[in-house]
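These notes are about the structure you will find just below.
Number of protein chains: 2
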Amino acid sequence: MLLLPKLDHHSEIPMYVQLYDYLKNEIVAGRIPEQSRVPSVRKLADFLGISTTPVELAYNQLVAEGFLVSRPRSGYVVHSLPDPYGKLGSGGPPFAKVRRSPLRDEKEFAYDFHLSKNDFSHFPFQIWRRLYNESLKEEQKQLLFYGDPQGEAGLRQEIAAYLYQFRGVKSAPDQIVIGAEQHQLLSILSLLLREHSLRIGVENPGYPLLPSTFRQHGYEVVPISLAEDGIQIGELYESGVRIVSVTPSHQFPRGMIMPIAKRLQLLEWANDVNGFIIEDDYDGEFRYHGRPIPSLQGLVPSSRVVYLGGFSQVLAPALCIHYLVLPESLIDWYDQLYDQTLFEQASSRLHQRTLQLFMERGYLGKHVRKMRNLYRKKHDVLIRSIQEHFREKAEIIGRDAGFHLLLRVNSPYSEKELLQLARGAGIRISSATYTWLHSPVQERKEFLLGFGGIEIDRIEEGIKRLKEVWFDGNDGS
Amino acid sequence: MLLLPKLDHHSEIPMYVQLYDYLKNEIVAGRIPEQSRVPSVRKLADFLGISTTPVELAYNQLVAEGFLVSRPRSGYVVHSLPDPYGKLGSGGPPFAKVRRSPLRDEKEFAYDFHLSKNDFSHFPFQIWRRLYNESLKEEQKQLLFYGDPQGEAGLRQEIAAYLYQFRGVKSAPDQIVIGAEQHQLLSILSLLLREHSLRIGVENPGYPLLPSTFRQHGYEVVPISLAEDGIQIGELYESGVRIVSVTPSHQFPRGMIMPIAKRLQLLEWANDVNGFIIEDDYDGEFRYHGRPIPSLQGLVPSSRVVYLGGFSQVLAPALCIHYLVLPESLIDWYDQLYDQTLFEQASSRLHQRTLQLFMERGYLGKHVRKMRNLYRKKHDVLIRSIQEHFREKAEIIGRDAGFHLLLRVNSPYSEKELLQLARGAGIRISSATYTWLHSPVQERKEFLLGFGGIEIDRIEEGIKRLKEVWFDGNDGS
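As they're listed, the protein sequences go chains A and B.
Quick note on numbering: the numbering used here labels position 84 of the first sequence as 84, and the sequence is numbered without any gaps.
Quick note on numbering: the numbering used here labels position 253 of the second sequence as 253, and the sequence is numbered without any gaps.
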């Protein structure tokens with residue numbers, strides 16, 4: 001066996017690594033046969049004219065990885081590799097050439113009626129940076145470690161106080177479970193409720209993330225129709241489900257408010273069937289004419305409501321902070337789930353601490369009030385623009401709250417054609433079809449128009465253009 | 001009906017809110033009967049000596065919430081509430097008094113051999129703050145919105161390059177899936193592999209999060225024993241599973257390295273059974289004598305290895321950035337899962353961007369090298385201290401890598417007693433029993449000692465105290 005490594009004494013790669021690489025390649029290629037003995041450390045060092053240290057280090061590494069075996073008295077022997085790289089192939093290119101289009105449409109639109117975009121020009125950049133810097137300091141370096149899996153106690157306390165003040169939610173900090181995003185919190189919830197029932201009723205149409213997450217966890221999802229004032233209670237009783245998810249403050253996507261009488265009926269239903277209500281309050285802070293509608297959770301001292309909220313709409317999605325408010329009866333289940341799994345908190349402690357400071361010092365309340373005024377103006381301009389330009393050609397469904405409304409259009413074009421025309425004119429809107437659990441037989445031509453992200457002085461122009469491409473055959477060309 | 005609200009003209013609460021609260025309470029209490037008509041806006045305003053605006057706003061709010069109904073010509077009528085608050089109770093205290101002990105032991109220890117704590121005194125606080133501030137700017141405010149559900153493309157590119165350089169992993173950025181923490185990524189993985197098989201083999205003993213997560217998704221978990229050099233390949237064939245999870249670079253918790261021959265056997269097994277290997281490389285960067293062991297994933301151009309890594313050990317858990325490297329054959333499944341669920345990315349875009357800058361500018365490589373040196377010193381002091389103080393009374397299992405070793409103790413005390421003695425002396429260590437899928441019949445008295453978080457000059461003292469309380473009956477009192 002002739003070992004003739006090309007060693008570069010001036011390379012940045014240490015000598016022992018060069019030697020290790022060379023020997024490994026020779027073994028893999030079969031040029032140093034199995035079971036053969038390699039020269040002793042001293043011999044190879046002499047032969048190569050280098051010190052013994054790099055040779056020893058290289059041999060040690062090859063032993064650690066299993067290429068060589070160290071045998072007392074006989075030195076280092078090449079280990080037999082079962083069916084060496086021959087059959088499986090060796091190496092391959094450093095980077096595979098996997099490429100596909102991104103999961104989400106990244107196109108820029110001149111008129112962006114994105115369903116859930118926020119207006120970030122009023123985000124408190126400076127305050128947030130300052131509070132983040134205050135949180136990430138050497139003196140509190142333990143904040144870099146794993147925290148409370150349920151979420152930081154200080155933040156949970158702030159959330160409980162905030163929810164009471166802004167949403168009428170009654171909770172203790174220990175009922176609050178923080179998470180990074182909804183899919184993850186809904187996964188946890190579906191695990192907590194599994195012992196209770198494996199069927200869940202959902203509003204149809206409604207927000208699809210919840211049913212798809214519960215389905216992933218083996219639930220049967222039962223669509224429940226909507227009446228003018230929210231979910232059909234009679235149908236709910238008939239369905240036999242014992243868990244239901246609702247959006248009582250602002251139904252998604254149709255925007256109705258569940259009146260107090262129906263709320264009480266729903267709570268009675270939960271009592272009657274020994275069931276649970278999931279209240280998804282995704283944008284409850286944002287009501288534009290009149291006060292926010294208080295939560296269902298705080299209406300009666302009920303142990304049957306799971307409340308779901310987050311800071312994506314109120315502040316920004318990129319902070320990745322959402323939460324559940326569990327009824328007391330589910331807290332023991334949560335503790336058990338933790339004991340079985342030992343998961344970690346997914347929402348960054350640094351952001352949790354920053355948000356806590358942001359709330360403690362009263363910035364959040366101020367921010368919500370400011371944004372509510374801003375979104376109200378946009379909302380009003382959008383409504384006015386639609387009325388002015390579309391007149392009887394379209395109907396507005398759901399208003400006065402949240403970040404979107406639904407536009408039902410009377411048009412001979414198909415839904416697909418209408419979407420293409422809008423897209424062609426640089427207008428982002430989306431079809432509401434995906435909110436139906438079973439696509440309705442008849443095409444509805446209902447579109448979701450968000451008004452949070454678009455600049456206020458683009459709204460009317462966008463609506464005017466939309467009406468033109470849809471009705472005046474004016475495609476802008 | 002006599003309406004006598006106490007209105008405070010000097011209160012911070014707006015007049016219409018005071019009036020709304022009063023009317024709502026009267027309705028709920030039944031003092032304004034169902035179906036009765038309330039005074040017209042003008043009449044009530046005159047009666048109370050206020051303008052009509054607050055009365056109108058209060059009525060509108062009560063209509064929105066469903067307490068009043070507006071009837072043409074007959075004015076506002078009180079809606080009938082089904083079984084009003086009577087049966088369900090009304091209100092309740094603002095904060096329930098739910099209290100329980102936190103999920104995790106928060107005790108401070110004088111000698112903290114925590115299993116996975118990092119040394120944060122060398123965290124690059126200033127650089128991280130600077131890069132975070134650079135990421136969160138008005139000019140790039142769109143970073144506050146939802147990003148790529150798979151993780152930011154720029155960070156995925158950096159991770160692909162890093163993994164190739166540091167771990168020999170061969171991947172394209174599109175194979176990388178970013179997430180906030182392991183439980184969530186393992187949940188996604190278990191959904192991706194479900195069509196393939198609902199049985200998974202795991203190392204026994206091993207890291208319990210993986211089997212518990214797969215069990216939550218309906219998998220049968222099959223424990224596979226360890227030989228001296230890693231998982232038993234024969235047993236793996238016999239088990240009939242087609243998915244297996246391994247920690248080849250540094251077995252958890254026993255610390256052995258899987259030699260090249262066994263790695264090739266394992267890859268052959270995956271070929272033979274048309275299976276998948278999950279390579280959990282939780283601390284692969286940290287090897288203290290010799291070079292890091294290259295990943296299994298990069299060994300051959302195989303489409304059968306899922307690689308799992310993260311930045312908790314390398315940087316800090318609080319950043320909440322982990323990742324999967326999917327083989328090409330699973331990418332379509334991932335896209336399908338996304339289409340079905342429309343989940344959002346759980347790891348904050350702000351931290352993803354900060355990390356991307358941190359990597360682009362070469363800070364990560366430097367940090368890893370620095371920390372490797374630091375942890376090597378701690379590792380060496382721990383080994384030396386144990387050898388010196390325990391001598392033949394204990395055996396060290398697994399060394400030269402990661403953040404922990406396993407200490408097997410010869411003692412007449414039970415494991416529980418040994419843990420209590422340690423705790424009493426202010427020493428945090430943990431039993432390795434929880435790493436076994438089925439508790440072994442005989443008590444093993446094996447303890448996990450982490451050395452990452454403890455200050456270097458506390459190590460020897462801690463080990464000395466541990467030996468004293470365990471063997472010399474010296475409980476420090």
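C-beta: ideal position from N, C-alpha, C; glycine also.
Specify the secondary structure class of residue i as computed by DSSP and reduced to three states.
i                         : result
valine 300 of chain A     : coil
histidine 322 of chain B  : strand
alanine 401 of chain A    : strand
glutamate 443 of chain A  : coil
leucine 192 of chain B    : helix
alanine 394 of chain B    : strand
isoleucine 293 of chain A : coil
glycine 365 of chain B    : helix
tyrosine 76 of chain B    : strand
Locate the alpha helix (DSSP H) running through residue i, then write down its first and last residues.
i                         : result
aspartate 332 of chain B  : 328-341
valine 28 of chain B      : 15-28
asparagine 410 of chain A : It is not in any alpha helix (DSSP H) - asparagine 410 of chain A carries neither H nor E in the DSSP assignment.
valine 273 of chain A     : 260-273
valine 169 of chain A     : Looking at the DSSP string, valine 169 of chain A is not in any alpha helix (DSSP H), and its letter there is neither H nor E.
leucine 308 of chain B    : Per DSSP, leucine 308 of chain B belongs to no alpha helix (DSSP H); it is in the beta strand (DSSP E), 305-310.
isoleucine 243 of chain A : Careful: isoleucine 243 of chain A lies outside any alpha helix (DSSP H), inside the beta strand (DSSP E) at 243-246.
Out of the options, which one is the CA nearest neighbour of residue i?
i                            : options                                   : result
phenylalanine 459 of chain B : B/Asp112, B/Pro14 and B/Ala64             : Per the sequence shown, residue 459 of chain B should be read as isoleucine rather than phenylalanine. It is B/Asp112.
glutamine 61 of chain A      : A/Ala45, A/Arg37 and A/Asp21              : A/Asp21
lysine 467 of chain A        : A/Phe252, A/Pro54, A/Val409 and A/Glu443  : A/Val409
arginine 130 of chain B      : B/Glu443, B/Glu415, B/Val381 and B/Phe358 : B/Phe358
aspartate 174 of chain B     : B/Ala153, B/Leu192, B/Tyr164 and B/Gln165 : B/Ala153
aspartate 229 of chain A     : A/Leu2, A/Gly240, A/Leu266 and A/Arg215   : A/Leu266
glutamate 106 of chain A     : A/Arg423, A/Thr435, A/Phe471 and A/Thr433 : A/Arg423
leucine 4 of chain B         : B/Thr354, B/Asp457, B/Arg31 and B/Arg254  : B/Arg31
arginine 42 of chain A       : A/Leu57, A/Ala29 and A/Val28              : A/Leu57
aspartate 281 of chain B     : B/Ser414, B/Gln182 and B/Phe67            : B/Gln182
leucine 337 of chain B       : A/Leu296, A/Tyr413, A/Val169 and A/Gln216 : A/Gln216
threonine 435 of chain A     : A/Leu7, A/Lys416 and A/Arg444             : A/Arg444
Is there at least one Cβ from chain A nearer than 8 Å to residue i's Cβ?
i                        : result
valine 17 of chain B     : yes
lysine 141 of chain B    : yes
threonine 52 of chain B  : no
glycine 86 of chain B    : At glycine 86 of chain B, the pLDDT of 49 sits below 50, so the modelled position is not reliable and the matter cannot be decided from this model.
tyrosine 338 of chain B  : yes
histidine 250 of chain B : no
aspartate 148 of chain B : yes
lysine 416 of chain B    : no
serine 80 of chain B     : yes
Leaving out five residues before and five after residue i in sequence, what residues of the same chain have Cβ atoms less than 7 Å from its Cβ?
i                        : result
serine 430 of chain A    : Leu115, Phe447 and Leu448
serine 80 of chain B     : Glu34 and Gln35
glycine 86 of chain B    : For glycine 86 of chain B, the predicted structure reports a pLDDT of 49, less than 50, and the residue's modelled location is therefore unreliable. A value from the coordinates is still provided. No residues qualify anywhere along the chain.
aspartate 400 of chain A : Arg287, Tyr288 and His289
Which residues in the same chain have their Cβ closer than 8 Å to the Cβ of residue i, if we skip the five residues on either side of it in sequence?
i                        : result
aspartate 148 of chain A : Gln345
Establish whether the CB of residue i and some CB of chain B are separated by less than 8 Å.
i                            : result
glutamine 297 of chain A     : no
threonine 213 of chain A     : yes
lysine 366 of chain A        : no
glycine 476 of chain A       : Bear in mind that a pLDDT of 47 at glycine 476 of chain A, under 50, signals an unreliable position, so the number given afterwards is only what the model happens to contain. Glycine 476 of chain A does not count as touching chain B.
alanine 29 of chain A        : no
phenylalanine 125 of chain A : yes
tyrosine 132 of chain A      : yes
serine 11 of chain A         : no
Using a Cβ-Cβ cutoff of less than 6 Å, which residues in the same chain neighbour residue i once the five nearest sequence positions on both sides are dropped?
i                         : result
alanine 270 of chain A    : Ile277 and Arg304
serine 197 of chain A     : Arg242 and Ile243
isoleucine 188 of chain A : none
List, in order along the chain, the chain E residues whose C-beta lies closer than 8 Å to that of residue i?
i                     : result
lysine 262 of chain B : The structure shown contains no chain E; its protein chains are A and B.
May I ask which residues mark the beginning and end of the beta strand (DSSP E) holding residue i?
i                         : result
serine 239 of chain A     : Taken as a continuous stretch (DSSP letters only), serine 239 of chain A belongs to no beta strand (DSSP E), being part of the alpha helix (DSSP H) at 233-239.
proline 505 of chain B    : Here chain B covers residues 1 to 477 and nothing more, so residue 505 of chain B does not appear.
valine 202 of chain A     : 199-204
isoleucine 278 of chain A : 276-280
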